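A.B. asks:
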Amino acid sequence: MANDRNTEQLMVILDQKNAQLAAVREISQAIAEARDLHDTLNLITQRTTEVMHVDSASIYLFEAASNKLILAASTGLNKAGIGHYALPFGAGLTGWAAEHRETVAVTDAFKDPRFYRILGSGESKYPSLMSMPMVSHDKLIGAANVQTRQRHAFTDDEIELFRFITDLTATAIEKAQLVRTALVQEMHHRVKNNLQTIAMLLRLQMGQGKTLSPEDVLNESINRVMSIATVHEILSETMVDDVDVLDLIRRVSTTISSNMVSPMANIQISVRGNSVYLASQRATTLALVANELLQNALEHGIADQAEGKIEITLTHTYEQLRLMVIDNGKGLPPDFNVNTDLGLGLDIVRASIQEDLQGSFYIGPTIKGPGTTVKVVIPMETT
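Quick note on our numbering: the sequence shown kicks off at 115 and runs consecutively.
1. Could you please give the first and the last residue of the uninterrupted alpha helix (DSSP H) stretch that includes M374?
2. Quick check: what's the CA-CA separation for T399 versus P377?
3. For S466, does the count of other Cβ atoms within 10 angstroms reach 16, so buried, or fall short, so exposed?
4. Run the CB neighbour count on M353, radius 10 Å, all protein chains shown included, and call it buried at 16 or more, exposed below.
5. Just how far apart, CA to CA, sit L155 and S170?
6. Indicate the three-state DSSP secondary structure (helix, strand or coil) for R386 in the structure shown.
7. Please determine, among T429, I381, L362, E421, the residue with the shortest C-alpha to C-alpha distance to A401.
8. For Q560, I'd like the list of residues in its chain whose CB is within less than 6 Å of its CB, leaving aside the five on either flank, ordered along the chain.
9. Counting along the chain, where does the beta strand (DSSP E) carrying R161 start and finish?
10. Helix, strand or coil: which one does DSSP assign to N259?
11. In this structure, how does DSSP classify L254 when only helix, strand and coil are distinguished?
12. Pick helix, strand or coil for E237, following the three-state DSSP scheme.
13. Which residues does DSSP list as the beta-bridge partners of A219?
14. Ordered along the chain, which non-local residues of its own chain (more than five positions away) have a Cβ less than 6 Å from that of L185?
15. Suppose the cutoff is 7 Å on Cβ atoms and the five residues either side in sequence are ignored; what does the same chain contact list for T189 look like?
16. Take L460 as the anchor and find which of E406, D271, A219, R277 has the nearest alpha-carbon.
17. Sort T480, R396, P484, T487 by Cα distance to Q472 and report the nearest one.
18. In terms of alpha-carbon separation, which member of S384, I440, P484 lies closest to N410?
19. Between which residues of its own chain and V359 is the CB-CB distance below 8 Å, once the five residues before and five after are set aside?
20. My assumption, with CB atoms under 8 Å, is that D226 sits in contact with L207. Please give the rounded CB distance.
21. Buried or exposed, going by whether 16 or more other CB atoms sit within 10 Å of the CB of A284?
22. Could you name the residues of the same chain whose beta carbon sits closer than 6 Å to that of H430, not counting the 5 residues immediately before and after it, in chain order?
23. Please report the distance separating the alpha-carbon of L297 from that of I492.
24. Quick one: Cα of V249 to Cα of R277, how far?
25. Reducing DSSP to helix, strand and coil, say where E425 ends up.
26. Report, in whole angstroms, the separation of the C-beta atoms of E288 and K253, which I expect to be a contact under 8 Å.
27. Counting only the same chain and skipping the five closest in sequence on each side, list residues whose C-beta sits under 7 Å from that of M166.
28. Taking 6 Å as the limit between beta carbons, can you name the residues of its chain near E421, skipping five residues before and five after?
29. Return the CA-CA distance between D153 and L437, expressed in angstroms with no decimal places.
30. Contact check, A219 vs M244 under 8 Å by CB: the rounded distance?
31. Return helix, strand or coil for G478, following the three-state DSSP convention.
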C-alpha cells in the first residue's frame, strides 16, 4: 500500500512538472514570436495563473519618467485598471520588491507593514502574495506578482518556477521595448523622406500651373499624397516592414477611381496578379508609379469617354517584378516621342523607375485595338 501511495504521489508530481514545462514552453514560444506586447503579457499572466494554481497573476511595468509601476496585465485584478493603476516606486509589497530587487512572499499581505492598497483594484480578495522584480541586463523592467484567495505559504519550488517565468517575461518586455524604439525611429525616418518627396512633387506640379486648372493641380497632388499614405496605412495594419504590393495597388486604384471617375461613366479598373512583398521605401516609390500610370490612363487615355477599361497586372519571378497597365482609350499620338512628349506624371514614373528602383519603363500602343500599354520592370531585392 505504501508503495502504491508513493507511486501515486510521484505521478502527481510528474504531472505537475509536465504541466509546468508545457506552460514554460508556451510562454517561451509566445515571447519568441511576440509582435504585440499587450497580447504576450496577457498570455503570460493567464498561463502563470493556471500552472501555479493561483487566483491572480499581474505584471507591472516600470515607468521611469513618472517613477511608478503601471499595471499592464492581470488575471485577477480589476480589468478597468490595466494601464491606469499606478504604484509609486517602492510603495507596497510589489513596489518594495522592485525597488530592492528582491522576492517578497507573504501568507497575509494585509498584516505586512509594507502593504499598499490600490482602491478599486480588487486585491482585497487575495491575502497571500508573492512578488518578484523583473530585471534584464541589470535594467529594472517592472515587477510581477501572484496572489491567492486562501492563505498560502509559497514553497521553494513555486518561488523558483515564478522566478523563471519572470526572467522570461523581463526578456520579452525588454525585447519589445527595443523593437518599439527602433520602429519609432524608422517611422520618423520614413515620414521625413516622404514629406521631402511630397514637397518635390508639389514643386514640379507648380511648373504645370499654366497648363492645368488649379482644381486639376490640387486633385493630382492629393492623389499622390494619398498613394504615399496608403503605404503607411498598410504598415500600420501589419506592423512589419514589408508591404504587399498587390494589396497596395488595389488600394491605390480604389482611391484614384473614387477621386477621378464620374459616377455616370462606366470605367472599369481591374487589378490582377499574385502577392509580392517589397520593403516600405521601394513600395512607396511603386505606389507613386501606379498612381501616375492610373492618372495618366484616366486623364489622357480614356478621358471624356463614357466607358473604358484599365487592366493592371502584377507578375514576378525570383529576379524581376513586372507591372503592366493597359487601357483601351484613344492611344498615343502618331508622332509620340518618349524622350520629349512625356508629361509631368510620366516623367515622375520614368525617373522613379530608373533612378530609385533601377528598373526599365516602356510605353507604346496596345497589340490589339486602340489604347496604350505601359510596362514597368524592376529587379527583385536580393539578400
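Even glycine gets a Cβ: it sits at the ideal position worked out from N, Cα and C. Remember, predicted model here, so these are calculated numbers, not experimental data.
C.D. replies: So, to answer that:
1. Start and end: 359-374.
2. Cα to Cα, the separation comes out at about 29 Å.
3. Answer is buried; the Cβ neighbour count reaches 16.
4. Unreliable positioning characterises M353 in this predicted model, as indicated by a pLDDT of 48, which lies under 50. A coordinate reading is not provided.
5. Whole-angstrom Cα-Cα distance: 14 Å.
6. Shown here, R386 sits in a strand according to DSSP, grouped into three states.
7. With distances taken between Cα atoms, A401 lies closest to L362.
8. Outside the modelled stretch of the chain, which goes from 115 to 497, sits residue 560, for which no answer is possible.
9. In the DSSP assignment, R161 falls outside any beta strand (DSSP E) and within the unbroken alpha helix (DSSP H) covering 151-166.
10. Strand.
11. It is a strand residue.
12. Secondary structure of E237 (DSSP, three-state): helix.
13. Per DSSP, M244.
14. Cβ neighbours of L185 beyond the five flanking positions: Y174, G195, I196, Y199.
15. Within the same chain, T159, Q160, T163, S170, A171 come within 7 Å of T189 by CB-CB distance, once the 5 residues on both sides are set aside.
16. The residue from E406, D271, A219, R277 with its alpha-carbon nearest to that of L460 is E406.
17. Comparing alpha carbon positions, the residue from T480, R396, P484, T487 closest to Q472 is R396.
18. Out of S384, I440, P484, the CA that lies nearest to the CA of N410 is found in I440.
19. Correct list, in chain order: S389, V390, Y391, L392, A397, L400, L428, L435.
20. About 6 Å separates the two Cβ atoms, so the contact holds.
21. By the neighbour-count rule (16 or more Cβ atoms within 10 Å), A284 is buried.
22. Once the five neighbours on either side are set aside, the close Cβ partners of H430 are V390.
23. Legend: pLDDT at L297 = 46, less than 50; position of this residue unreliable, value from coordinates given subsequently. Spanning the two alpha carbons is a distance of roughly 27 Å.
24. Distance between the alpha carbons of V249 and R277 is about 11 Å.
25. Correct three-state label for E425: strand.
26. 7 Å between Cβ atoms; contact.
27. For M166, the CB contacts under 7 Å within the same chain, skipping 5 residues up- and downstream, are V260, E272, L275, F276 in chain order.
28. Cβ within range, chain order: N380.
29. A straight-line Cα-Cα distance of about 38 Å links D153 and L437.
30. Indeed, because the Cβ distance is near 4 Å, the residues count as touching under 8 Å.
31. Here G478 sits in strand by DSSP.
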